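Numbering (our numbering), first residue to last: 73 to 273.
Written out as structure tokens, the structure reads:
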């Protein structure tokens, strides 16, 4: 009975966390987007939410929080920056970046949970978390988004790549912010990723 109760409690906590981070990503979409250059892809804060979801919840719950948001957006709710929603988001030039959020959260969560926060030494741990966020939150998203934009808009891939370079400084800042948050949260709440204890060192 105790085991069943514990499992139910854990499932409830997981559901709440997934819903909270889906709501967080949606809330960050309230900040008006900024379009730079000739590439029709806006700068938004929502990728910060994706980074935080993966880094704080781990691969499965982090990814699920992004999937929940995707389902709501595809159902037509205007939860993306600029009040966008619906199937047209995926079919448009920003669709690849949007789709890329799902594998990004998965990769970030896996790297942080199983590699980064297990590093010994504060500097090594911070660097590992930052690398995890850069790999998942920038490399993975761009790997999906850049060619997607080129195909949808008819722009040369090289032009799409050059246009994406304008987003890197901002995304690096988001990665630093998410790293700081992840290190602080996991130090205070060691069981968030399954009881890892290394952050006490």
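Built from N, CA and C at the ideal position, the CB exists for glycine as well.
No experiment lies behind these values; they were computed from the predicted model shown.
Would residue i be called buried (16 or more neighbouring beta carbons within 10 Å of its own) or exposed?
i           : result
residue 213 : buried
residue 92  : exposed
residue 104 : exposed
residue 76  : exposed
residue 222 : buried
residue 84  : exposed
residue 88  : exposed
residue 133 : buried
residue 148 : exposed
residue 124 : buried
residue 143 : exposed
residue 179 : buried
residue 211 : exposed
Please determine, among the options, the residue with the shortest C-alpha to C-alpha distance to residue i.
i           : options               : result
residue 225 : 165, 119, 134 and 160 : 165
residue 115 : 260, 240 and 234      : 240
residue 200 : 125, 99 and 252       : 252
residue 162 : 146, 228, 236 and 141 : 146
residue 102 : 152, 184 and 172      : 152
What's the C-alpha gap between residue i and residue j?
i           : j           : result
residue 160 : residue 186 : 36 Å
residue 220 : residue 78  : 44 Å
residue 260 : residue 194 : 15 Å
residue 245 : residue 119 : 11 Å
residue 217 : residue 167 : 7 Å
residue 150 : residue 192 : 43 Å
residue 255 : residue 203 : 13 Å
residue 229 : residue 154 : 26 Å
residue 96  : residue 250 : 13 Å
residue 158 : residue 232 : 24 Å
residue 121 : residue 86  : 17 Å
residue 177 : residue 258 : 17 Å
residue 99  : residue 208 : 21 Å
residue 189 : residue 242 : 24 Å
residue 156 : residue 140 : 16 Å
residue 169 : residue 234 : 15 Å
residue 198 : residue 263 : 18 Å
residue 236 : residue 196 : 29 Å
residue 80  : residue 238 : 46 Å
residue 171 : residue 126 : 15 Å
Which same chain residues, not among the five before or five after residue i, have their C-beta less than 6 Å away from its C-beta?
i           : result
residue 206 : 247
Within the continuous alpha helix (DSSP H) that includes residue i, where are the two ends?
i           : result
residue 206 : 194-206
residue 216 : 213-225
residue 187 : Here residue 187 belongs to no alpha helix (DSSP H), and DSSP marks it neither H nor E.
residue 131 : 118-146
residue 241 : 240-260
residue 161 : 160-163
residue 103 : Where residue 103 is concerned, there is no enclosing alpha helix (DSSP H), given that its DSSP letter is neither H nor E.
residue 231 : 229-236
Leaving out five residues on either side along the sequence, give the residues of the same chain with a beta carbon under 7 Å from the beta carbon of residue i.
i           : result
residue 129 : 89, 93, 137 and 181
residue 273 : At residue 273, the pLDDT of 49 sits below 50, so the modelled position is not reliable; the number obtained from the coordinates is stated separately. Excluding residues within five positions, the ones whose Cβ falls inside 7 Å are 192.
Spatial neighbours of residue i within its chain, please: CB distance less than 8 Å, with the 5 preceding and 5 following residues excluded, ordered by chain position.
i           : result
residue 174 : 135, 138, 139 and 142
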